[in-house]
Amino acid sequence: MAKRIWNSTPKKDGYRMPGEYEAQERIWMIWPERGDVWRNGALPAQRAFAEVAEAISRFEPVTMLASDGQYENCRAMCPPEIAVLELSSDDAWARDVGPSFLVDGKGGLRACDWTFNAWGGLVDGLYFPWDKDDRTAEKICELAGADSYRTEGFVLEGGSFHVDGEGTALTTEMCLLSPGRNPSLTKTEIEEKLKEYLNLEKVLWLPDGIDPEETNGHVDDVACFARPGEVVCIWTENPYHPFYEAAHKAYRALETMTDARGRRLKVHKLCCPKRPVRIGENFQLQVSGTAKPRKAGELCIASYANFLLVNGGVIVPQYGDENDALALSQLQAIFPERKVVGVDTREIVYGGGNIHCITQQQPRRAGGTAAEAAASPESSI
Numbered sequence: 001m002a003k004r005i006w007n008s009t010p011k012k013d014g015y016r017m018p019g020e021y022e023a024q025e026r027i028w029m030i031w032p033e034r035g036d037v038w039r040n041g042a043l044p045a046q047r048a049f050a051e052v053a054e055a056i057s058r059f060e061p062v063t064m065l066a067s068d069g070q071y072e073n074c075r076a077m078c079p080p081e082i083a084v085l086e087l088s089s090d091d092a093w094a095r096d097v098g099p100s101f102l103v104d105g106k107g108g109l110r111a112c113d114w115t116f117n118a119w120g121g122l123v124d125g126l127y128f129p130w131d132k133d134d135r136t137a138e139k140i141c142e143l144a145g146a147d148s149y150r151t152e153g154f155v156l157e158g159g160s161f162h163v164d165g166e167g168t169a170l171t172t173e174m175c176l177l178s179p180g181r182n183p184s185l186t187k188t189e190i191e192e193k194l195k196e197y198l199n200l201e202k203v204l205w206l207p208d209g210i211d212p213e214e215t216n217g218h219v220d221d222v223a224c225f226a227r228p229g230e231v232v233c234i235w236t237e238n239p240y241h242p243f244y245e246a247a248h249k250a251y252r253a254l255e256t257m258t259d260a261r262g263r264r265l266k267v268h269k270l271c272c273p274k275r276p277v278r279i280g281e282n283f284q285l286q287v288s289g290t291a292k293p294r295k296a297g298e299l300c301i302a303s304y305a306n307f308l309l310v311n312g313g314v315i316v317p318q319y320g321d322e323n324d325a326l327a328l329s330q331l332q333a334i335f336p337e338r339k340v341v342g343v344d345t346r347e348i349v350y351g352g353g354n355i356h357c358i359t360q361q362q363p364r365r366a367g368g369t370a371a372e373a374a375a376s377p378e379s380s381i
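Going by the UniProt record's numbering, the first residue of the sequence shown is number 1, and it counts up by one from there.
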């Protein structure tokens with residue numbers, strides 16, 4: 001039975017969070033069903049989730065978690081190679097409500113169980129209540145057999161940071177310093193928390209994200225590590241693009257940064273969709289009074305940077321946009337050792353997130369450094 005650890009930290013115990021490019025054991029996902037978040041009773045989003053899961057399953061195992069009421073529907077819609085387990089939650093954002101897994105290089109597996117408050121609690125959270133989501137990480141740890149470090153009272157989501165597995169994290173001030181998360185903590189105190197729980201030496205702070213109204217600026221829509229010493233950053237030359245300012249701020253900041261090992265970052269540009277994605281006029285959502293309403297014309301956070309690295313592959317959002325093929329080719333050049341696969345995720349972005357937001361990787365227990373843990377298509381399961 002997995003246990004919760006209250007009186008220590010991963011850094012003290014020799015555990016670290018691996019980079020996403022290190023070898024993985026499986027991907028965890030949660031089945032969508034909320035009619036006040038996902039349009040048309042969530043059916044279009046469910047099809048998209050199933051397609052994302054199928055794409056990932058070509059490279060490694062996927063476990064989909066579904067409520068009792070949705071279990072049979074989920075099992076029928078997902079390919080047979082996808083494992084489906086029953087678990088209750090408030091919504092379907094595995095990256096943010098799931099555990100951040102840790103390894104110790106000796107075969108150990110643990111995880112961080114962050115306090116979750118729906119991206120801002122009663123200040124500017126997106127739905128209420130969120131108690132089932134806040135219990136999801138603990139439940140996944142039980143299923144994975146991983147002891148967990150519970151950060152009671154310290155609010156954080158998995159999409160708000162990226163790590164390189166070698167002592168460096170990337171995040172944004174817009175998100176981590178937002179008043180709905182940890183208003184009693186200073187930036188320095190928040191940084192110390194990250195260092196203790198992710199086993200870091202250095203935190204790189206970008207100023208802004210591109211979704212101030214949703215997650216308060218998660219970094220996984222803007223930039224991520226491609227490998228140690230290298231990052232991918234969104235980019236557009238169009239000064240009228242809604243992401244232009246944030247993209248240029250992030251790129252300029254990253255160009256000046258060094259990681260925990262003193263390496264000057266190599267920054268790869270990744271295009272934005274040419275046409276911003278917006279909610280259509282006939283967008284039908286249930287009105288519940290418990291979730292933030294979405295309106296016609298509202299800007300969606302459609303970013304190609306919200307991709308997922310898996311063993312031997314890169315799963316990339318597609319929007320039916322002129323730049324879809326360019327994004328795939330750019331990422332193939334950045335990751336020549338991986339197969340790049342695009343999935344249409346417009347229905348997911350309508351709900352406020354994308355591929356990285358709805359997935360959570362569980363690393364292989366073998367451990368080792370990022371350089372030693374070369375990604376491969378085979379799974380250890």
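Beta carbons are placed, not taken as given, at the ideal position from N, Cα and C, and that holds for glycine.
Fair warning: this is a prediction, and the values are worked out from it, not measured in the lab.
Local conformation of residue i per DSSP, three classes
{"i": "L200", "result": "coil"}
{"i": "D133", "result": "helix"}
{"i": "F101", "result": "strand"}
{"i": "V123", "result": "helix"}
{"i": "V343", "result": "strand"}
{"i": "A371", "result": "With a pLDDT of 38 at A371, under the threshold of 50, the predicted position of this residue should be treated as unreliable, and no value is reported."}
{"i": "G69", "result": "helix"}
{"i": "M77", "result": "helix"}
{"i": "E20", "result": "coil"}
{"i": "E142", "result": "helix"}
{"i": "E337", "result": "coil"}
{"i": "R58", "result": "coil"}
{"i": "N354", "result": "coil"}
{"i": "G14", "result": "coil"}
{"i": "D96", "result": "helix"}
{"i": "R39", "result": "coil"}
{"i": "F49", "result": "helix"}
{"i": "I381", "result": "For I381, the predicted model reports a pLDDT of 31, less than 50, meaning its position is unreliable and no value from the coordinates is stated."}
Identity of the residues DSSP links to residue i by a beta bridge
{"i": "R294", "result": "R294 pairs with nothing; no bridge assigned."}
{"i": "A83", "result": "T63"}
{"i": "D147", "result": "R110"}
{"i": "I5", "result": "Y149"}
{"i": "W31", "result": "Looking at the DSSP assignment, W31 forms no beta bridge with any residue, so it has no partner."}
{"i": "Q332", "result": "Looking at the DSSP assignment, Q332 forms no beta bridge with any residue, so it has no partner."}
{"i": "residue 383", "result": "Nothing about residue 383 can be reported from this structure: the residues present for the chain run from 1 to 381 only."}
{"i": "P363", "result": "Q24"}
Same chain, Cβ closer than 8 Å to residue i, neighbours up to 5 away in sequence not counted
{"i": "Q70", "result": "W31, E33"}
{"i": "Y244", "result": "T236, N238"}
{"i": "residue 420", "result": "This structure gives no information on residue 420, because the portion of the chain shown stretches from 1 to 381."}
{"i": "A223", "result": "H162, L170, L206, V231, V232, C233, I234, A250, L254, A305"}
{"i": "L85", "result": "T63, M64, L65, A66, L143"}
{"i": "A371", "result": "Because the pLDDT at A371 is just 38, under 50, the model does not fix this residue reliably, and the value given afterwards should be weighed accordingly. Cβ neighbours of A371 beyond the five flanking positions: P228."}
{"i": "C78", "result": "A50, A53, E54, M64, V84"}
{"i": "V219", "result": "G159, S160, F161, H162, L170, T171, T172, C175, L206, G209"}
Beta-carbon contacts of residue i that lie in its chain and below 6 Å, excluding the five residues immediately before and after
{"i": "A374", "result": "The predicted model places A374 with a pLDDT of 38, which falls under 50 and marks its position as unreliable; any figure quoted below should be read in that light. Cβ within range, chain order: n/a, list empty."}
{"i": "F101", "result": "A111, Q362, P363"}
{"i": "P273", "result": "A302, Y319, D321, N323"}
{"i": "S379", "result": "Unreliable placement is indicated for S379, whose pLDDT of 36 sits below 50; no coordinate value is reported for it."}
{"i": "L204", "result": "L170, M257"}
{"i": "V138", "result": "As written in the sequence, residue 138 is Glu, which differs from the Val given in the question. Counting only Cβ-Cβ distances below 6 Å, and skipping sequence neighbours, we find D113."}
{"i": "R263", "result": "G229"}
{"i": "M17", "result": "S100, L102, V163, L198"}
{"i": "E173", "result": "W205, P207"}
Chain-order list of residues whose beta-carbon lies under 7 Å from that of residue i (same chain, five-residue window excluded)
{"i": "N182", "result": "F154, V155, I190"}
{"i": "G158", "result": "R95, D96, G98, S100, Q360"}
{"i": "A45", "result": "P32, W38, E347, I348, G351"}
{"i": "Y197", "result": "T9, P10, C112, Y149, T151"}
{"i": "Q24", "result": "E60, V310, N311, Q361, Q362, P363, R364"}
{"i": "G297", "result": "R278, I279"}
{"i": "G14", "result": "D104"}
**OP:** Would you list, in sequence order, the uninterrupted beta strand (DSSP E) runs of no fewer than 3 residues that lie entirely inside the stretch 155-242?
**Re:** 161-163, 168-172, 202-206, 223-227, 230-235
Subject >> the stretch 14-32 touching the stretch 63-83, judged by at least three CB pairs closer than 8 Å >> reply: yes
**OP:** Entirely within the stretch 243-325 and at least 3 residues each: give me those beta strand (DSSP E) ranges in chain order.
**Re:** 266-271, 308-310, 313-318
Original post:
How do the stretch 111-122 and the stretch 82-102 stand: do at least 3 beta-carbon pairs fall below 8 Å, yes or no?
Top reply: yes
Original post:
Is the stretch 256-266 in contact with the stretch 280-296, if contact means three or more CB pairs nearer than 8 Å?
Top reply: no
Subject >> the stretch 125-139 contacting the stretch 331-341, beta-carbon criterion three pairs below 8 Å >> reply: no
Subject >> Three-pair Cβ contact test at 8 Å for the stretch 350-358 versus the stretch 45-54 >> reply: yes
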